[in-house]
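Just below is one structure, and these are the notes that go with it.
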Amino acid sequence: MTAPIQYIIDNDGHKKSVVIPFEQWEELNQRYEKLNNKVQVLTGIAKAVKEVKKAREMGKPLQTLADFLNESRG
529 MTAPIQYIID NDGHKKSVVI PFEQWEELNQ RYEKLNNKVQ VLTGIAKAVK
579 EVKKAREMGK PLQTLADFLN ESRG
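In the working numbering, the protein residues as written are 529 to 602.
Given below as structure tokens:
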């Protein structure tokens with residue numbers, strides 16, 4: 529059972545901070561990291577698709593996957 533979430537409030541009764549158990553914080557942080565990694569991958573893919581589209585429109589030759597892999601090995 530998870531502990532209830534606690535709030536730190538100011539003199540006017542406005543919530544200023546949240547206090548949660550450390551285990552719950554670790555779980556939330558791990559979920560955040562996974563989502564952040566996913567966003568970075570998807571953003572990179574979207575950028576690459578735009579670059580390929582632009583290169584095709586301009587008639588520029590594109591590097592093949594095989595060429596890319598060979599280049600990164602050597």
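Yeah, the Cβ is synthetic: ideal placement off N, Cα and C, and Gly gets one too.
Round the Cβ separation of residue i and residue j to the nearest angstrom and send it over; I've been treating them as touching at under 8 Å.
i: K544; j: I533; result: Actually they do not touch by this definition, with Cβ atoms about 14 Å apart.
i: V580; j: L590; result: 6 Å
Could you name the residues of the same chain whose beta carbon sits closer than 7 Å to that of residue i, not counting the 5 residues immediately before and after it, in chain order?
i: V546; result: I533 and Y535
With a threshold of 6 Å on Cβ separation, who are the neighbours of residue i within its own chain once the five nearest residues in sequence on each side are excluded?
i: I573; result: none
If you scan the stretch 538 to 567 from start to end, which runs of the beta strand (DSSP E) of 3 or more residues do you find wholly inside it?
DSSP runs (the beta strand (DSSP E)) wholly in the stretch 538 to 567: 543 to 547.
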